[in-house]
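Structure first, commentary second.
2 protein chains.
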Amino acid sequence: MKPPRIPSIVINRLAVYARNLELLDQEDIEVISSARLADLCGINPAQVRKDLAYFGQFGVRGIGYYVKELLFETRKIFGLDREWRLGLVGVGNLGWALVRHAQLMDHKYTFVAAFDKKKRRIGTKIESVEVAPLDDMNRLVKETGVEIGVIAMKPEFAQGVANKLVSAGVCGILNYAPAHIQCPAHIFVENIDFSLSLDILRYRLTSAKSKGHRIRSKPL
Amino acid sequence: MKPPRIPSIVINRLAVYARNLELLDQEDIEVISSARLADLCGINPAQVRKDLAYFGQFGVRGIGYYVKELLFETRKIFGLDREWRLGLVGVGNLGWALVRHAQLMDHKYTFVAAFDKKKRRIGTKIESVEVAPLDDMNRLVKETGVEIGVIAMKPEFAQGVANKLVSAGVCGILNYAPAHIQCPAHIFVENIDFSLSLDILRYRLTSAKSKGHRIRSKPL
DNA sequence: CAATGTGAATACGTTCACAGCC
DNA sequence: GGCTGTGAACGTATTCACATTG
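Protein sequence lines correspond, in order, to chains D and F.
The working numbering numbers the first residue of the first sequence as 4 and each following residue consecutively.
The working numbering numbers the first residue of the second sequence as 4 and each following residue consecutively.
And the structure:
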């Protein structure tokens with residue numbers, strides 16, 4: 004009942020397990036051992052078992068884990084058993100990509116509001132949602148019950164938008180703008196800068212002058 | 004000269020420092036202490052100093068780090084002092100978003116080739132690059148000198164495209180499709196699934212029933 | 001004297017190895 | 001027999017604390 008302080012690295016890996024379990028389930032695989040799941044994720048089997056042990060005893064000794072059951076449990080852990088209402092701020096290419104991506108995964112993301120700064124985008128529709136100006140944020144967030152704000156704008160507007168979202172009452176923010184935003188401590192924020200991965204790849208390529216030491220493809 | 008096995012977590016943080024240094028430089032801030040930089044990144048000052056110490060002694064005792072100088076060093080570490088030639092596979096919303104994002108950062112990314120599966124996209128232009136069919140990949144990757152392949156397609160095509168890229172001769176792959184791809188050990192791969200961040204945010208919101216323990220906004 | 005650079009101390013995460021169970 | 005669940009052993013990362021230096 005009382006959460007025993009789960010390290011965030013465990014949560015990250017759990018998300019990867021969950022993704023792989025979805026794929027396994029789609030392939031109608033019913034049972035998976037920690038060894039095989041670990042292999043898919045590129046890590047150690049004992050780690051998989053330990054990580055899962057934070058949340059309960061989901062396996063069967065001598066058998067492994069039932070995919071459907073474990074998937075159900077992980078989905079519950081991530082709150083995938085209930086719908087979350089998202090509001091998108093910034094309806095450019097990235098915004099569209101996010102909405103499309105969300106559709107692919109059946110993770111019960113529902114975009115219930117969309118905002119943009121550019122006049123020509125106001126009133127257009129993204130899926131079934133009409134794009135509103137930023138000034139309507141306060142009202143619309145409340146009316147439509149947005150819980151998570153997704154920022155997909157240029158970095159210079161990110162902090163301002165974040166402040167607006169907070170005062171409109173969202174409880175979490177996902178920031179895809181390449182600028183680190185600061186929020187009050189009670190708001191949950193994830194900053195994602197997806198050019199960081201490219202930088203990291205560049206580092207690895209650059210430093211690969213030293214003889215080809217094996218580097219695994221890494222999840223997350 | 005011989006690299007002393009730098010932990011990849013250090014590289015990740017270094018990328019974050021670099022990003023923040025860029026922002027500081029844009030604000031014409033000339034000197035920064037490890038304490039202040041650490042604060043911007045949400046970590047411990049000693050960590051910043053230790054991380055930087057892997058690469059050299061860039062600071063001045065009693066003063067701090069000169070932003071421009073440190074930025075120069077980090078850019079060099081990440082191979083940002085030379086141009087890298089990228090090939091984009093998948094010219095949908097995500098593909099466009101990536102190209103736009105790359106333009107924003109002056110990180111010397113150059114998209115020199117673009118490919119798509121959809122017939123109606125072939126021959127269109129993304130920036131100044133003409134979109135080619137997947138079958139031309141082998142030839143065009145060689146002709147244009149693509150070093151890094153960027154996959155921005157549906158997950159079911161990701162592995163196939165990765166194989167094609169590898170046999171065409173790229174040395175690194177950045178995979179934005181939500182499927183974990185496997186490549187030969189000599190190819191550097193970064194898999195980025197950007198809905199994982201949303202899952203992690205959901206977890207934090209879900210588990211926040213336990214009283215509002217402070218969670219910092221996290222970079223990367 | 002303020003802030004770096006770094007050994008030493010600590011905390012944390014990973015892996016091992018095996019008891020327990022199906 | 002095979003695979004989980006887990007304490008104990010190990011290794012790595014983080015933080016402390018201070019000597020060092022411009």
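Just so you know, even glycine gets a beta-carbon here, dropped at the ideal spot from N, CA and C.
Take residue 13 of chain F, set aside five residues on each side of it, and the residues of its chain with a beta-carbon closer than 8 Å to its own are 54 and 57, in chain order. Looking at the DSSP output, residue 35 of chain D sits in a beta bridge with D:68.
Look at residue 77 of chain F here: in three-state DSSP terms it is helix.
Per DSSP, reduced to three states, the secondary structure at residue 109 of chain F is coil, with no helix or strand assignment. Annotation: residue 195 of chain F is outside any alpha helix (DSSP H) and is labelled neither H nor E by DSSP. Pairing residue 104 of chain F with residue 63 of chain D, the inter-Cα distance amounts to about 47 Å.
Listed in chain order, the alpha helix (DSSP H) runs fully inside the stretch 117 to 183 of chain D are 140 to 147 and 158 to 171, counting runs of at least 4 residues. Interface annotation, residue 196 of chain F: in contact with chain D, CB-CB separation under 9 Å. By the Cβ-count criterion, residue 10 of chain D is exposed, with fewer than 16 other Cβ atoms from all chains shown falling within 10 Å of its own Cβ.
When secondary structure is reduced to three states using DSSP, residue 83 of chain F falls in the coil class, being assigned neither helix nor strand. With fewer than 16 other Cβ atoms from the protein chains shown falling within 10 Å of its own Cβ, residue 189 of chain F counts as exposed. Separation of residue 38 of chain F and residue 70 of chain F (C-alpha to C-alpha, rounded to the nearest whole angstrom) is 14 Å. In this structure, the beta-carbon distance from residue 161 of chain F to residue 125 of chain F does not fall below 9 Å. Distance from the CA of residue 101 of chain F to the CA of residue 113 of chain F, rounded to the nearest whole angstrom, comes to 11 Å.
By the Cβ-count criterion, residue 200 of chain D is buried, with 16 or more other Cβ atoms from all chains shown falling within 10 Å of its own Cβ.
Residues 21 and 84 of the same chain have their beta carbon placed closer than 8 Å to that of residue 78 of chain D, with the five preceding and five following residues left out of the count.
Across the structure, residue 91 of chain F and residue 198 of chain F are spaced so that their CA atoms are roughly 20 Å apart. Bridge partners of residue 89 of chain F according to DSSP: F:114 and F:151.
When the five nearest sequence neighbours on each side are left out, the beta carbons in the same chain lying within less than 6 Å of the beta carbon of residue 94 of chain F are those of 117, 119, 124, 129 and 134, in order along the chain. Nearest in C-alpha terms to residue 208 of chain F, of all of D:73, D:19, D:65 and D:150, is D:150. Taking 9 Å as the CB threshold, residue 177 of chain D lines the interface with chain F. Neighbourhood of residue 203 of chain F in chain D, by CB distance below 7 Å: 14, 15, 18 and 193, in chain order.
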